[in-house]
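Heads up, the sequence shown is in full-length UniProt numbering, so the first residue is 1 and it goes up one at a time.
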Amino acid sequence: MHDLRPLIRMLDEPLIPSRFPPTSTAFPAFSGFRDPFFRDIPRQPVLDVHEDTSAEAYVVEAELPGVRKEDVEVRIADGGHGLTIEGKVSRRGGQAQEAQPAAPAEGTTEAPSTETQAVTKTEAGALQPSTGYSYESSFSRYVSFPKAVNPEGVTAKLENGVLSLKIPLAEERGSVRVDVL
């Protein structure tokens, strides 16, 4: 089963690029999947779920880059047989640019940008254009467990963009004798 994890992880990856703001500004004019047509496509975090037999618990790791812990909600559902992870990502920002925009590098073309432009005044009184953006997205992921879990003992930690959950299994009651009246 461990040999199949890379394949399963690859199948969990979305077919479109991440909707989080790009980390590189080398080609800011490319809007690709930021087009309004693609905004309603749901985002699903990549998950790794396995059973830790020594601790009698499920371990769930979800990749949530750029998400704050205040923006994540984790719920145990379906009588302890399901887990829901929901959240949102909001970004607002901008960067000041030089008064004269640089010419595009040789071999590249400049396309219209979807970012808004404003003009700011520096201390020296020179006007400089600046760009700004706002971005909002939500995500949801549901996992079904074959064995019931104990919702009281769940521990969760969000660190370096990875949500780690340790979910203890519920005690199995075994068989119960029923008195016939």
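A virtual CB, placed ideally from N, CA and C, is assigned to each residue, including glycine.
Relative to the alpha-carbon of S90, which residue among E70, R173 and V162 has its alpha-carbon at the smallest distance? For the purposes of this step, residue 90 is taken as residue 90 along the sequence shown, with counting starting at 1. Out of E70, R173 and V162, E70 has the C-alpha closest to the C-alpha of S90.
Could you name the residues of the same chain whose beta carbon sits closer than 6 Å to that of A148, not counting the 5 residues immediately before and after it, in chain order? Reading the sequence shown from its first residue, position 148 is the one you call residue 148. The answer, listed in chain order, is G80, H81 and A170.
Between which two residues does the beta strand (DSSP E) harbouring V74 extend? Within the sequence shown, residue 74 is the residue found at index 74, counting from 1. Here the beta strand (DSSP E) through V74 covers V72 to A77.
C-beta contact flag for L163 and I85 at 8 Å: As a position in the sequence shown, residue 163 is number 163, starting the count at 1. As a position in the sequence shown, residue 85 is number 85, starting the count at 1. In this structure, L163 sits near I85, with a CB-CB distance shorter than 8 Å.
Do you know how far the Cα of V154 is from the Cα of F145? The residue labelled residue 145 in the question sits at position 145 within the sequence shown. The residue labelled residue 154 in the question sits at position 154 within the sequence shown. Here the C-alpha atom of F145 lies approximately 14 Å from the C-alpha atom of V154.
Under a three-way DSSP split, which group does E61 fall into? Along the sequence shown, read from residue 1 onward, the residue named residue 61 stands at position 61. In the structure shown, E61 sits in a strand (DSSP, three-state: E or B).
Is it buried or exposed for L83, if we count other Cβ within 10 angstroms and need 16 for buried? On the sequence shown, residue 83 is found 83 positions in, with the first residue counted as 1. For L83, the number of other beta carbons within 10 angstroms of its own is at least 16, and it is reported as buried.
Minimum C-alpha distance to D48 - residue among V60, S137 and V178: Mapped onto the sequence shown, residue 48 falls at position 48. In this structure, V60 is the residue among V60, S137 and V178 with its C-alpha nearest to the C-alpha of D48.
Output yes or no for whether 8 Å exceeds the beta carbon distance between A57 and R141. Within the sequence shown, the letter at position 57 stands for residue 57. Within the sequence shown, the letter at position 141 stands for residue 141. Contact flag unset, no.
With DSSP run on the structure shown, which of helix, strand or coil describes Y142? On the sequence shown, residue 142 is found 142 positions in, with the first residue counted as 1. Of the three classes helix, strand and coil, the one that applies to Y142 here is strand, per DSSP.
Range of the contiguous beta strand (DSSP E) that encloses V162: Residue 162 sits at position 162 when you count from the first residue of the sequence shown. Unbroken beta strand (DSSP E) run through V162: V162 to P168.
Could you tell me which of D52, P65 and E51 sits nearest to N160, measuring between CA atoms? As a working mapping, residue 160 is identified with position 160 in the sequence shown. It is P65.
Keeping to the same chain, check which residues put their C-beta closer than 6 Å to that of E136; ignore five residues upstream and five downstream. In the sequence shown, residue 136 corresponds to position 136, counting from 1. Setting aside the 5 residues that flank it on each side, E136 is surrounded in the same chain by S90, each with a C-beta closer than 6 Å to its C-beta; the list follows chain order.
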